[in-house]
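2 protein chains.
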Amino acid sequence: METKTVNAYGTEKANAPLHSMNIQRRELLPHDIELEIHYCGICHSDLHQIKNDFGGTMYPIVPGHEIVGRVTKVGKHVNKFKAGDLAAVGCIVDSCGKCEYCQDDLQQFCDEGVTYSFNSPDKYLGGATFGGFSESIVTDEKYVLHMPETLDLAAAAPLLCAGITVYSPLKNWQAGPGKKVGTLGIGGLGHLAIKIAKAMGAYVVVFTTSPSKVEDAKCLGADEAVLSTDAEQMSKYARSLHFILDTVSTKHDVNTYLNMPRHDGSVVLVGLPPEPLSIGAFNVVVGRRSFSGSNIGGIAETQEMLDFCAKHNITADIELINIQQINEAFDRLEKGDVRYRFVIDMASLKK
Amino acid sequence: METKTVNAYGTEKANAPLHSMNIQRRELLPHDIELEIHYCGICHSDLHQIKNDFGGTMYPIVPGHEIVGRVTKVGKHVNKFKAGDLAAVGCIVDSCGKCEYCQDDLQQFCDEGVTYSFNSPDKYLGGATFGGFSESIVTDEKYVLHMPETLDLAAAAPLLCAGITVYSPLKNWQAGPGKKVGTLGIGGLGHLAIKIAKAMGAYVVVFTTSPSKVEDAKCLGADEAVLSTDAEQMSKYARSLHFILDTVSTKHDVNTYLNMPRHDGSVVLVGLPPEPLSIGAFNVVVGRRSFSGSNIGGIAETQEMLDFCAKHNITADIELINIQQINEAFDRLEKGDVRYRFVIDMASLKK
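Those protein sequences? They're chains A and B, same order as listed. First residue of the first sequence? That's 1 in my numbering, and the numbers climb one at a time after it. First residue of the second sequence? That's 352 in my numbering, and the numbers climb one at a time after it.
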């Protein structure tokens, strides 16, 4: 298959800095679009995968799945996009298209396995797929999203993973008027959860371990913000919420939070702590509660989320960096030192 | 308050045998009924509470919450029952009646705390409530069930806890025609789960660690029975079930089972393992699955379950014992050596 060499940032092993490298992108197939990448967000799962926290990382790895830019070329059968369109690629770049999950627009659960934007087997070129820390990407149009023109493009990049990761469960568990939603953690996901849940009409209570983020949560629109280390405060929320969105990506105790939903309520995990979580039987049995999970969203729902965010003018609060600052950014991300999402200005790749 | 002395079996401390003792029952209040206990089932939670596995056991303890018999006396304002009626008392003997849970017939989640048949603070006499290992019980008629005349009374006793514990989640998670339901464990709860799920119209797949129970499961009506130690067999069930009812009361690994429901499916725990269960984030996040719990059922649903079991002629498979065999029965229960529920013939108390 014909390929094209493009510049990217990646690494060959788990504990080595990312550096400039060349990768191959396929020449356009009839349904492909080529996207010049303007901005790419940095997600906690980039860090997990670079470090091989979940096992199975294929090196070299080029991370990045919050990809926005402009279409530069389209394959001859493409009809959803034309050159010059703003567009985006999120976590999913391929799926079987035939299984019941794909048919139900739940490509994230594809029976044959999703092809993720990076670190998945590349069906066309072999090796691993390469993500958005690169100058361009080639993707089947079915997995490409229309970017609303009204949103700040850099600040909108994190919607492609962080945004859909919180939008999908907020919608599935019916956040809206009359509902009290708890959110756990105020990071890349958590700060968008506050904004999106509020835009859906829910009453939002934020739990954070960080005293400095209590005020931030209110600035982000939360109705209440609770320091989770304050046991007295915490005890007031028992059986008071409809559901809790848990965005924490590191090991943490969910039992405290399992006592907070009303009967039939859920704590919904969207972070991916590498260590198992410990759950006491009584915490689910009493109140018929659930500890649930949710994983990004399908392509149609991702487009719906982008349109929702455009309507409500929701973007992430970001810190824009050059690609040359990427290793420093990962160090800071690991310490939780970012409010609230790093986004790479991919124009810096040409420097 | 006036009381009456009745004979019972109980114990004063955690690691001592149960023995004959006298306890007090209140004289009938206007809404009370007095039930002469004919049979009382033995539940795994009797064992947990006797041994103080969950902490907080108040001694002396008289266990037993699968109580069936005949009404001997009624208070002057009782209109649901008359002397001579078959009746039953399950796990719940009082609740506030005013909170939203009680108002919704979910007394098991009462905001002020349920009064259980045994080992709850007794609002009338002080100390702890005493359960069904006794000659009679006095209970407000609101918490007394009508026993269908058509069921074998001894074999129906376990419906009062084991039956409602599995009926309620089977109904809540919509077991029925077209649904593939997994059940985990074939004990007191599990064997009733098979019968009830089949009567609801579901396709039932049973998982057991015990080779000797594979055939039993089929005799009980299961469509398939799988030895859970056979990894190859187990792998065939990934993403194939609608939900799984987990009746295991001891420590076990639920992660294997979390991979079996289709998307949005649940593993629903009704057993009460004293140790926390460990859950990998991916096992709930992928497939938007839930680890959920369910706790007995409300009074109205318990009556509905009894009527359902009468209609479908469902009772437990029991081993009938005399009260004098109670300590041996608990030893055997601890080893899982009962098919599938011990029931005490309470007439033996008079021997």
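Just so it is clear, CB atoms sit at the ideal spot from N, CA and C, and this is done for glycine as well.
Pairwise C-beta distances place the region 103 to 117 of chain A in contact with the region 84 to 94 of chain A, as three or more of them are shorter than 8 Å.
Counting along the chain, N322 (chain A) sits inside the beta strand (DSSP E) bounded by residues I318 to N322. Contact check for E36 (chain A) against V78 (chain A) fails: the beta carbons are separated by 7 Å or more. Here E385 (chain B) is bridged, per DSSP, to B:K424 and B:V489. Restricting attention to alpha helix (DSSP H) runs no shorter than 4 residues, the region 540 to 594 of chain B encloses them at 562 to 570 and 582 to 586, ordered along the chain.
Counting C-beta pairs with one atom in each stretch, the region 620 to 638 of chain B and the region 547 to 558 of chain B have fewer than three that are closer than 8 Å, which means they do not touch.
At a Cβ-Cβ threshold of 7 Å, A359 (chain B) and V413 (chain B) count as neighbours. The C-alpha of G407 (chain B) is placed about 22 Å away from the C-alpha of N678 (chain B). Three or more beta-carbon pairs separated by less than 8 Å are not found between the region 18 to 31 of chain A and the region 296 to 308 of chain A, which leaves the two stretches without contact. For S120 (chain A), no alpha helix (DSSP H) segment is defined, and its DSSP state is neither H nor E.
By the criterion of a C-beta distance shorter than 7 Å, Q654 (chain B) is surrounded in its chain by L496 and H497, once the five residues flanking it on both sides are discounted. Under the three-state reduction of DSSP, G163 (chain A) is assigned to helix. Within chain A, no C-beta atom comes nearer than 7 Å to that of A548 (chain B); the closest sits roughly 18 Å away. For V205 (chain A), the CB contacts under 6 Å within the same chain, skipping 5 residues up- and downstream, are G182 and E224 in chain order. Boundaries of the beta strand (DSSP E) harbouring K180 (chain A): K180 to L184, taken from the DSSP string. By the criterion of a C-beta distance shorter than 6 Å, G426 (chain B) is surrounded in its chain by L379, L380, P381, H382 and D383, once the five residues flanking it on both sides are discounted. Relative to the Cα of R289 (chain A), the nearest Cα in the group A:D230, A:R70, A:I42 and A:V254 belongs to A:V254. The residue from B:P411, B:L369, B:N646 and B:G687 with its alpha-carbon nearest to that of A479 (chain B) is B:P411. Taking C-alpha positions only, F243 (chain A) is separated from L47 (chain A) by approximately 28 Å.
K180 (chain A) counts as buried, since at least 16 other C-beta atoms from the protein chains shown sit within 10 angstroms of its C-beta. Taking C-alpha positions only, A589 (chain B) is separated from A582 (chain B) by approximately 11 Å. Rounded to whole angstroms, the Cβ separation of C96 (chain A) and D111 (chain A) is 7 Å, and the two are in contact under 8 Å. Interface residue (Cβ-Cβ distance to chain A less than 7 Å): V517 (chain B) is not classified as such.
The shortest C-alpha to C-alpha distance from V270 (chain A) to any of A:K335, A:S228 and A:L170 is the one to A:L170. Just so you know, the alpha carbons of A316 (chain A) and P158 (chain A) end up roughly 6 Å apart. For N358 (chain B), there is no enclosing alpha helix (DSSP H); the enclosing beta strand (DSSP E) has its first and last residue at T354 to G361.
A direct Cα-to-Cα measurement between Y143 (chain A) and P273 (chain A) gives close to 27 Å.
For the pair C102 (chain A) and G297 (chain A), the Cα-to-Cα distance works out to about 11 Å. Judged by beta-carbon spacing, A526 (chain B) lies within the 7 Å limit of A553 (chain B), meaning their Cβ atoms are closer than that value.
Exposure of S586 (chain B) is indicated by the presence of fewer than 16 other C-beta atoms within 10 angstroms of its C-beta. Here DSSP, grouped into helix, strand and coil, assigns M305 (chain A) to helix. Cβ-Cβ distances below 7 Å link L502 (chain B) to C660, A661 and T666 in the same chain, with the five nearest sequence neighbours on each side left out; the list follows chain order. Below the 8 Å Cβ cutoff, chain B contributes H614 as neighbours of Y101 (chain A), in chain order. N403 (chain B) is not bridged by DSSP to any residue. Residue contact with chain B for A193 (chain A): absent (no Cβ-Cβ distance below 7 Å to any residue of chain B). Taking 7 Å as the cut-off, the Cβ atoms of A193 (chain A) and I318 (chain A) do not count as close.
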